[in-house]
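K.L.:
Numbering (the working numbering), first residue to last: 33 to 377.
After the structure tokens below, expect a handful of questions from me.
Here's what the structure looks like:
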């Protein structure tokens with residue numbers, strides 16, 4: 033656990049502005065969408081402020097600390113400041129949330145990972161829990177505290193690092209690497225060369241260099257998911273990267289940190305979803321599609337091959353989009369036809 037005074041060792045710009053900072057010790061960082069007990073969250077601007085708790089079943093977070101961008105905090109009406117302070121254990125401000133993310137995520141990353149043993153197989157340590165019906169090939173590494181369910185099959189060359197859970201009936205094909213704090217559901221099929229749970233590509237630029245945001249969120253994969261060869265699924269920063277039940281992901285796909293893929297989604301090869309993209313149920317992506325950060329793809333929407341959805345875009349449910357920037361497919365096709373006609377003049 034880390035208390036607020038110790039956090040100020042890492043980030044001297046922190047300043048408590050409301051509440052009793054001695055009431056709580058912190059074990060992690062969580063996302064403002066779903067604040068967890070004994071965690072801190074970051075509120076950079078109005079967008080994050082509006083979405084506080086939108087994925088939570090609670091409205092009050094008395095075991096959570098909110099770190100707010102100082103200039104945004106000062107822009108709030110006094111009543112809004114009081115309301116925010118009432119919802120949280122206490123409020124702290126920072127000169128730069130981007131900088132604080134980098135400085136404060138490191139001690140929590142160390143707290144989560146420092147005691148993990150990467151060198152000794154969990155079977156040798158006696159900490160791995162493996163059902164007797166599981167079939168594990170030679171040349172597989174299984175880390176400490178890994179849990180393997182009934183009828184799981186793991187083929188040669190797989191590396192399952194500590195604190196991973198693989199549920200019943202799942203098949204892992206050769207040379208898969210699964211990083212710590214990944215959970216894989218029942219009856220999944222994951223094909224050769226895929227990497228799940230590596231650090232997301234998250235950096236903030238200050239003081240003349242790129243500083244790492246340390247990733248704590250892990251990955252959660254639902255039941256009946258199939259993932260193709262050489263696909264990369266990054267760990268979430270402060271919330272898990274998620275793939276919902278029944279979704280199918282093709283070869284050479286990139287799912288970045290904090291991506292939320294809902295149920296029964298189809299993602300064709302070479303597609304890339306950038307950080308914090310949200311995909312609702314029954315969506316489909318053609319080969320080579322790209323989605324920029326924080327876009328929302330509504331239920332049943334389709335993104336055509338090679339289309340690029342812009343940052344923060346909201347694609348309505350059932351819409352079919354194409355082109356760059358992505359727009360309704362018929363509109364894009366008309367624009368292409370017009371360009372062809374003009375090019376002949």
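Built from N, CA and C at the ideal position, the CB exists for glycine as well.
Assuming contact is defined by CB atoms lying nearer than 8 Å, are residue 162 and residue 180 in contact in what I supplied?
P.N.:
Locating residue 162 in the chain shown gives position 130, where the first residue counts as 1. Locating residue 180 in the chain shown gives position 148, where the first residue counts as 1. It is a contact, given that the beta carbons lie within the stated cut-off.
K.L.:
Based on the DSSP secondary-structure assignment, which residues constitute the bridge partners of residue 359?
P.N.:
Here the question's residue 359 lines up with position 327 in the chain shown. For residue 359, which the question treats as bridged, DSSP gives the partners 354.
K.L.:
Going straight from the alpha carbon of residue 334 to that of residue 244, what length do you get?
P.N.:
What you label residue 334 is simply residue 302 of the chain shown in a count that begins at 1. What you label residue 244 is simply residue 212 of the chain shown in a count that begins at 1. Roughly 34 Å separates the two Cα atoms.
K.L.:
Since I believe residue 171 is in contact with residue 192 (beta carbons under 8 Å), could you give me their beta-carbon distance rounded to a whole number of angstroms?
P.N.:
In the chain shown, residue 192 corresponds to position 160, counting from 1. In the chain shown, residue 171 corresponds to position 139, counting from 1. So it is not a contact: roughly 12 Å between Cβ atoms.
K.L.:
Can you list, in chain order, the residues of its chain whose CB lies under 7 Å from that of residue 279, leaving out five sequence neighbours each side?
P.N.:
Numbered from 1 along the chain shown, position 247 holds the residue referred to as residue 279. 257, 293, 295, 296, 297.
K.L.:
Got a sec, what are the start and stop residues for the alpha helix (DSSP H) residue 229 sits in?
P.N.:
Within the chain shown, numbered from 1, the residue matching residue 229 stands at position 197. Note, residue 229: premise wrong, no alpha helix (DSSP H); beta strand (DSSP E) at 227-230.
K.L.:
How would you write the range of the alpha helix (DSSP H) that residue 144 sits in, first residue to last?
P.N.:
Within the chain shown, numbered from 1, the residue matching residue 144 stands at position 112. That run of the alpha helix (DSSP H) goes 129-145.
K.L.:
Am I right that residue 230 and residue 266 are in contact with their C-beta atoms under 8 Å? What's the rounded C-beta distance?
P.N.:
Within the chain shown, residue 230 is the residue found at index 198, counting from 1. Within the chain shown, residue 266 is the residue found at index 234, counting from 1. So it is a contact: roughly 6 Å between Cβ atoms.
K.L.:
For the pair the region 183-200 and the region 148-162, tell me if three or more CB-CB distances fall below 8 Å.
P.N.:
Output reads yes: the region 148-162 touches the region 183-200.
K.L.:
Taking the CB atoms as reference points, tell me whether residue 305 and residue 336 lie closer together than 8 Å.
P.N.:
Within the chain shown, residue 305 is the residue found at index 273, counting from 1. Within the chain shown, residue 336 is the residue found at index 304, counting from 1. No.
K.L.:
Contact check, residue 348 vs residue 330 under 8 Å by CB: the rounded distance?
P.N.:
Your numbering for residue 348 matches position 316 in the chain shown. Your numbering for residue 330 matches position 298 in the chain shown. The pair is a contact, with the Cβ atoms about 5 Å apart (cut-off 8 Å).
K.L.:
What are the partner residues of residue 266, as DSSP defines its beta bridges?
P.N.:
Taking the chain shown and counting its residues from 1, the one referred to as residue 266 is at position 234. The partner list for residue 266 (beta bridge, DSSP) reads 230.
K.L.:
May I have a chain-ordered list of the beta strand (DSSP E) segments no shorter than 3 residues that lie completely inside the region 190-265?
P.N.:
DSSP runs (the beta strand (DSSP E)) wholly in the region 190-265: 214-216, 227-230, 235-238, 241-244, 251-253.
K.L.:
Quick check on the burial criterion: 16 or more other C-beta atoms within 10 angstroms. Buried or exposed for residue 156?
P.N.:
The residue given as residue 156 occupies position 124 in the chain shown. The residue is exposed, with fewer than 16 neighbouring Cβ atoms inside 10 Å.
K.L.:
Smallest Cα separation from residue 99: which of 88, 40, 315, 86?
P.N.:
If you number the chain shown from 1, residue 99 lands on position 67. The residue with the shortest Cα to Cα distance from residue 99 is 40.
K.L.:
Considering just the uninterrupted stretch of the beta strand (DSSP E) at residue 40, what are its terminal residues?
P.N.:
Within the chain shown, the letter at position 8 stands for residue 40. That residue, residue 40, is in no beta strand (DSSP E); its alpha helix (DSSP H) goes 36-42.
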